[in-house]
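Start counting the sequence shown at 979; every next residue gets the next number (the working numbering). Shown next, in structure tokens, is the structure this report addresses.
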Amino acid sequence: MDLQSYYSSPVRFLAAVCLICSAALAQPLTRAAAEARARDLAALGRRLFFDPALSASGRQSCASCHDPRFAYGPPNDLSVQFGGKDLRRQGHRAAPSLRYLQKIPQFAEHFHDAETTGEDSADNGPTGGLTWDGRVDRGRDQARIPLLSPEEMANDSPREVEIKALKAGYSSQLRRLARGGVFATILQALEAFEQDEHEFYPYSSRYDAWLSGAASLTRSELRGLELFKNPEKGNCARCHPADRGADGTPPQFTDYAFAALGVPRNGEIQANADRSWFDLGLCGPDRKDFLDRPDYCGKFRTPTLRNVAVRRAFFHNGVYHTLREAVAFYVERDSKPIEPRFSDLPPQFWPNLETDRPFGAKTPALSDDEIDSIVDFLGTLTDADARPAYAGGSRSAAR
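Written out as structure tokens, the structure reads:
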């Protein structure tokens, strides 16, 4: 048997790679070699990201839910996406954008942000992490979740992912780049691709250009920015800072903290048919280390508002489908409450709900026209390559 035939067996190939990895790990890379490996990993990660062959169905890639045309967010208006071995299993959380994750700090229960203000701030409480519930901190760990989730790409084990990658023609790249095993290399490659600044944090919006003095905003957009920042009106900048950081870095439009907003229960999510089941974010069901922390229940990480205008499903459960509806929720949650109130959060956790303005007001803090201006402003946060997906329809919603 020749070597090519011998190593055509995925199992034999994986065993050989393990031996190569052991030897490779014993040899530290020079700086030049490390830089070359990082470039090659990113190139491999790009191919893997768009390849449906890594899924159990053979029809779902990372890009199926994180489409670059939509700022690496979902390309449709589904509240949550479908996956699984037959693409019929529904998830229970809205797919987030993968853009602008590079600044998110590692999860911590206590966080003091000096970057925005230039000085130590008050304790922000639970902050950071890359998922809605902050349970992973590294891109490689985030990439692992959909590959093995039964509701997403639905592989039964890391070995199954490895075999699919080898059969899909990635054996030579994986053998050359492997340091720590094939599955680990796949995750490293996806992580390296998601660190591409042009793809994942371009800062190419009209708002970025305006901050640099290279573009102008319309009267409505400027009004929306003022309302967005005004603590007596929208008060949006309290959680979504809109000014440059103390060191001049572009605003991220998130403080990375966790908040319980009390959005309505979404009947489109199949799991919600069980009235005793609740997605409580930081205290479960996906995150397991805070199951005994009732003060964390109902809290989800605050996402960036960059490229929010190209989304068609909002909040962790995708309950709203236009940006205008999402903005109006903040204004009307307490001034025009939907009954039953806080239907997606058990009453014992209602003390966790946010109450700062615009919440808590008996009369709406913003008029319909002012809501429209904030929506117009949010449209300026759309990156240049995602503008074709932003058709200016974010206002559309029945009033």
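Note that CB positions come from ideal geometry on N, CA and C, so glycine has one too. The structure displayed is predicted, hence computed values, not measured ones.
Annotation: C1217 is outside any alpha helix (DSSP H) and is labelled neither H nor E by DSSP.
Scanning its chain for C-beta atoms nearer than 6 Å, with the 5 sequence neighbours on each side dropped, one finds around G1262 the residues L1269, in chain order. Pairwise C-beta distances place the region 1357-1366 in contact with the region 1042-1049, as three or more of them are shorter than 8 Å. Around the CB of Q1059, 16 or more other CB atoms lie within 10 Å, so the residue is classed as buried. Spanning the alpha carbons of Y1274 and L1108 requires a straight line of approximately 17 Å. Counting along the chain, D1119 sits inside the alpha helix (DSSP H) bounded by residues G1117 to L1126. If one requires a minimum length of 4 residues, the alpha helix (DSSP H) runs lying completely within the region 1010-1076 are 1040-1043, in chain order.
DSSP places G1357 inside the alpha helix (DSSP H), whose first and last residues are D1346 to G1357.
For V1305, the enclosing alpha helix (DSSP H) starts and ends at L1301 to E1310. Take the alpha-carbon of A1143 and the one of R1122: they are about 14 Å apart. For E1303, the number of other beta carbons within 10 angstroms of its own is at least 16, and it is reported as buried.
In the DSSP annotation of this structure, K1081 is not part of any alpha helix (DSSP H), being labelled neither H nor E. Straight across, the Cα-Cα distance linking I1349 with S1149 is about 53 Å. The closest CA to that of Y1298, considering only W1328, R1284, S1127 and N1244, is found on N1244.
Runs of beta strand (DSSP E) with 3 or more residues, each lying fully within the region 1188-1269, are absent. With a threshold of 16 other beta carbon atoms within 10 Å, F1028 falls short and is exposed.
In this structure the region 1016-1031 lies against the region 1164-1172, because at least three pairs of beta carbons, one per stretch, are closer than 8 Å. Judged by beta-carbon spacing, G1223 lies beyond the 8 Å limit of I1352, meaning their Cβ atoms are not closer than that value. Note on geometry: alpha-carbon atoms of M1131 and L1076 lie some 17 Å from one another. Beta-bridge analysis with DSSP links T1105 to A1086 and A1235.
Under the three-state reduction of DSSP output, K1277 falls in the strand class. Residue burial is scored here from C-beta neighbours: R1009 has fewer than 16 other C-beta atoms within 10 angstroms and is therefore classed as exposed.
When the Cα atoms are used, G1202 and D1312 turn out to be separated by approximately 22 Å.
With fewer than 16 other CB atoms across the displayed protein chains lying within 10 angstroms of its CB, A1251 is exposed.
In this structure, the straight-line span from the alpha carbon of R1253 to that of P1325 is close to 14 Å.
Proximity to L1344 across D1091, E1204, N1285 and D1264 peaks at E1204, based on C-alpha coordinates.
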